[in-house]
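Numbering (the numbering used here), first residue to last: 7 to 405.
Heads up, the beta-carbon is just placed ideally off N, CA and C, and yes, glycines get one too.
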Ligand SMILES: Cc1ncc(COP(=O)(O)O)c(C=O)c1O
């Protein structure tokens with residue numbers, strides 16, 4: 007059967023393939039430590055679940071406005087504005103079934119076929135997929151290693167810009183790198199956006215997932231709010247990955263276009279889930295605080311184990327729930343040249359399952375080093391210690 011040609015340009019989240027390999031290994035009776043998927047194995051706070059049950063009992067089970075119910079748009083406008091020191095109106099908030107749909111709807115709204123969009127690489131793989139699916143030119147900007155983590159290679163980014171470049175996707179508090187921009191780096195991105203008249207998708211999925219310090223939004227820099235679309239999600243902060251609730255917060259014309267795409271794509275986001283979201287934003291914040299405190303314990307446990315592995319170079323991020331160590335030296339000592347083979351051997355020898363750099367966009371020409379990503383949000387502290395100490399023993403014994 008001949009399928010539409012444009013499908014050849016559609017990528018995917020290949021991390022899900024790692025899940026299949028891990029599930030296959032587990033089905034054969036093996037213990038698996040799932041560091042591959044950025045899911046959270048903590049319950050959604052009880053007050054949010056109760057609000058959803060109340061909403062169902064109240065009959066909030068039918069269609070609702072495509073852009074979202076007004077109480078949620080109002081709650082999000084107030085919350086997101088106050089955390090970023092800005093003012094957005096509820097009409098600029100367009101509710102989505104998750105944060106992810108914002109990416110494709112942003113691309114459809116701002117980019118014509120043949121135009122370019124800059125995006126981070128390594129980065130969340132859906133950026134590359136959506137740009138190419140909608141006929142754009144994907145402009146992957148890279149990172150360089152620093153003493154404390156990673157920084158955007160600004161010269162490389164600038165070199166990719168042409169007169170037909172329309173937008174830049176900027177994921178501060180970055181998946182998979184765990185890194186964040188210095189104030190100078192964020193200002194440089196803003197300057198580039200203004201100079202080249204680029205629209206910015208600020209993917210702030212992890213804005214509130216930080217253990218110390220304070221998050222800053224590129225939208226807050228002078229001249230930026232009017233050219234920035236924020237990606238907001240309930241998935242991480244409220245441990246609601248499977249509920250599917252998020253929002254785009256955008257200049258009015260873009261918000262209106264995204265709402266129109268909602269009408270075409272899904273009519274509306276589930277009404278009673280939106281009602282629960284209002285409780286998440288306006289209700290008790292004990293739940294999100296407890297989630298963050300537990301993730302910090304997991305971060306400390308995971309980093310504590312990984313940085314002891316001789317040959318792993320592992321920065322300690324203050325945000326997100328990812329660690330992205332360089333594993334080149336360990337692979338060389340163990341005789342691996344392909345990072346996928348290293349990951350498969352680790353799964354089979356130790357049960358530790360993780361993604362590699364290859365899952366986060368096409369590797370760039372000239373990349374020499376090998377990296378892997380550990381997501382520690384889906385394992386208890388005990389399991390983190392057990393799994394990663396086993397990984398360390400295997401590496402030590404084999405090298
Ligand atoms: C950087 C980034 N953006 C967006 C998302 C989308 O999350 P969701 O669709 O669950 O809100 C994720 C999920 O892992 C992510 O890591």
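Limits of the alpha helix (DSSP H) - the one that residue i falls within
i           : result
residue 280 : 277 to 288
residue 101 : Premise fails: residue 101 lies in the beta strand (DSSP E), 99 to 102, not in any alpha helix (DSSP H).
Residue i to residue j span [Cα, whole Å]
i           : j           : result
residue 69  : residue 277 : 7 Å
residue 125 : residue 236 : 15 Å
residue 304 : residue 47  : 12 Å
residue 136 : residue 114 : 9 Å
residue 8   : residue 138 : 20 Å
residue 293 : residue 244 : 7 Å
residue 273 : residue 104 : 14 Å
residue 31  : residue 315 : 25 Å
residue 27  : residue 368 : 21 Å
residue 284 : residue 238 : 14 Å
residue 160 : residue 186 : 14 Å
residue 248 : residue 183 : 23 Å
residue 324 : residue 11  : 43 Å
residue 97  : residue 261 : 8 Å
residue 271 : residue 71  : 13 Å
residue 23  : residue 107 : 21 Å
residue 289 : residue 179 : 25 Å
residue 340 : residue 355 : 13 Å
residue 398 : residue 205 : 44 Å
residue 170 : residue 353 : 44 Å
residue 255 : residue 60  : 27 Å
residue 251 : residue 267 : 16 Å
residue 191 : residue 222 : 12 Å
residue 361 : residue 219 : 28 Å
residue 49  : residue 87  : 27 Å
Secondary structure of residue i, DSSP reduced to three states
i           : result
residue 93  : coil
residue 55  : helix
residue 107 : helix
residue 356 : helix
residue 379 : strand
residue 22  : helix
residue 144 : strand
residue 444 : For the chain, the structure presents residues 7 to 405; residue 444 sits outside this window and is missing.
residue 151 : strand
residue 40  : strand
residue 272 : coil
residue 32  : helix
residue 393 : helix
residue 64  : coil
residue 409 : No statement about residue 409 is possible, as the shown extent of the chain runs from 7 to 405 and does not include it.
residue 385 : coil
residue 374 : coil
residue 69  : coil
residue 263 : helix
residue 401 : helix
residue 27  : helix
Endpoints, the beta strand (DSSP E) within which residue i is located
i           : result
residue 158 : 156 to 158
**Runs of beta strand (DSSP E) lying entirely within the stretch 170 to 250, each at least 3 residues, in chain order** = Counting only runs of 3 or more, we get 171 to 176, 205 to 209 and 234 to 239.
**Message:** Runs of 3 residues minimum, wholly inside the stretch 110 to 137: which ones carry the beta strand (DSSP E) assignment?
**Reply:** Listed in chain order, the beta strand (DSSP E) runs fully inside the stretch 110 to 137 are 122 to 126, counting runs of at least 3 residues.
**Request:** With a floor of 4 residues, list each alpha helix (DSSP H) that falls wholly inside the stretch 296 to 362, ordered by position along the chain.
**Result:** The qualifying runs are 334 to 340 and 345 to 356.
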